[in-house]
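Quick note: the sequence shown uses numbering that gives the first Met the number 0, first residue 0, plus one each step. By construction, the Cβ of each residue, glycine as well, lies at the ideal position given by its N, Cα and C atoms. Quick notes on the structure that follows.
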Amino acid sequence: MRPFLLASALGLLTLTATAQRASINRKTVFTDVDGRVLSKDEYKAKLRTGQFKVYNPQAEGKSFVSLSLQPADTPDAVRLKALTPLRAFNTAAPSFTATDLQGRTLTLETLRGKVVVLNFWFVNCPYCLEEMPNLKRVVTSYQPQDSVVFLSFALDKPERLKKFLEQRGDFGFAVVPEAKSFAQQFAIAGYPTTIVLNKQGQYIYDQEYTDNTVRLEEAIRRGLQP
Numbered sequence: 000m001r002p003f004l005l006a007s008a009l010g011l012l013t014l015t016a017t018a019q020r021a022s023i024n025r026k027t028v029f030t031d032v033d034g035r036v037l038s039k040d041e042y043k044a045k046l047r048t049g050q051f052k053v054y055n056p057q058a059e060g061k062s063f064v065s066l067s068l069q070p071a072d073t074p075d076a077v078r079l080k081a082l083t084p085l086r087a088f089n090t091a092a093p094s095f096t097a098t099d100l101q102g103r104t105l106t107l108e109t110l111r112g113k114v115v116v117l118n119f120w121f122v123n124c125p126y127c128l129e130e131m132p133n134l135k136r137v138v139t140s141y142q143p144q145d146s147v148v149f150l151s152f153a154l155d156k157p158e159r160l161k162k163f164l165e166q167r168g169d170f171g172f173a174v175v176p177e178a179k180s181f182a183q184q185f186a187i188a189g190y191p192t193t194i195v196l197n198k199q200g201q202y203i204y205d206q207e208y209t210d211n212t213v214r215l216e217e218a219i220r221r222g223l224q225p
């Protein structure tokens, strides 16, 4: 079964092994930093501010019993800490050659001199889909200039992706199908994950679930600096 982490969904960096396999249901209780019970939408809205992160996830079997909040890391902390040492900031990303659904071939070498935003996702990942409108807004803000390249790696087959994109509409990223090998190459553990590479092809941003795009946009601006 494809890995799908609540960490991906809610921006949490670490969960217990049990919690990583769990999911939200109608019985899940959401609480604020002071213990006040929240609705699911209120909980997610607070996460989207970037001021909070998931705290103390309690799971039974494959379901979350409760999820709380605690203050999020500061932007400086996020800026300095990758999700895994394999993607340590200011180190070089692995070289790749990928062909997207339009038949275009992209390599990291030919993208030198541009900021590259990479998104890893799959069709049956609801939180991948949930973040797409905000990701498209970011893409749109950099068009028509070509100083930033938006490239996504999807696990699904080309036919399924084309049908999905025809029905839902694209989210601005070029889409590489059947990208499991690229996900392994980049040591992706949770979906969706978004990475930003600077003009030298080095990691400068690494987060799961980017429905709050404030820090993503800040990373892109940093990457564009001379």
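Inter-residue CB distance, residue i and residue j (contact presumed, cutoff 8 Å)
| i | j | result |
| --- | --- | --- |
| Val148 | Lys198 | Actually they are not in contact, since the Cβ atoms of Val148 and Lys198 sit about 11 Å apart, beyond 8 Å. |
| Asn123 | Pro191 | In fact, because the Cβ distance is near 12 Å, the residues do not count as touching under 8 Å. |
| Ser67 | Asn55 | 5 Å |
| Ala92 | Leu196 | 5 Å |
| Leu160 | Pro176 | 5 Å |
Bridge partner(s) assigned by DSSP for residue i
| i | result |
| --- | --- |
| Tyr202 | Leu196 |
| Thr30 | Val36 |
| Val175 | Phe152 |
| Ser180 | According to DSSP, which records beta bridges pairwise, Ser180 is partnered with nothing at all. |
| Val213 | In DSSP, Val213 forms no bridge with anything. |
| Phe119 | Phe152 and Thr192 |
Pick from the options that is closest to residue i, judged by C-alpha positions
| i | options | result |
| --- | --- | --- |
| Pro125 | Asp210, Leu82, Pro176 and Phe181 | Asp210 |
| Val116 | Asn24, Tyr202, Arg25 and Ile23 | Tyr202 |
| Glu216 | Gln184, Val138, Thr192 and Lys156 | Val138 |
| Asn24 | Ser65, Gln69 and Gly222 | Ser65 |
| Ala188 | Thr212, Ser146 and Trp120 | Trp120 |
| Ala182 | Asn89, Arg103 and Leu85 | Leu85 |
| Leu110 | Ser146, Lys156, Cys127 and Ala81 | Ser146 |
| Ser180 | Ser94, Arg47 and Glu41 | Ser94 |
| Arg214 | Thr27, Glu41 and Arg47 | Arg47 |
| Arg167 | Ala178, Ser140, Phe185 and Cys127 | Cys127 |
| Gln144 | Val28, Leu223, Val36 and Glu41 | Leu223 |
| Glu108 | Pro225, Gly200 and Arg220 | Gly200 |
| Pro157 | Ala178, Ser140, Gln142 and Tyr141 | Ala178 |
| Pro70 | Gln142, Tyr42, Arg103 and Ser22 | Tyr42 |
| Ser140 | Ser22, Arg103, Val36 and Thr212 | Thr212 |
| Gln184 | Thr83, Val36 and Arg220 | Thr83 |
| Glu130 | Ala87, Thr193 and Arg221 | Thr193 |
| Arg221 | Ser22, Ala186, Lys162 and Asn89 | Asn89 |
| Ala87 | Ala186, Arg103 and Gln142 | Ala186 |
Problem set entry | the region 26-36 touching the region 46-65, judged by at least three CB pairs closer than 8 Å | yes
Exercise. Is the number of C-beta pairs between the region 97-112 and the region 203-213 that are closer than 8 Å three or more?
Worked result: no
Exercise. Would you call the region 133-142 and the region 171-178 in contact, with 3 or more CB pairs under 8 Å?
Worked result: yes
For this session: Enumerate, from N- to C-terminal direction, the unbroken alpha helix (DSSP H) stretches of 4 or more residues contained entirely within the region 36-109.
Result: 39-47 and 74-79
For this session: Would you list, in sequence order, the uninterrupted beta strand (DSSP E) runs of no fewer than 3 residues that lie entirely inside the region 125-170?
Result: 147-153
For this session: Assess, as a yes-or-no matter, whether the region 57-74 is touched by the region 152-161 under the definition of 3 or more beta carbon pairs within less than 8 Å.
Result: no
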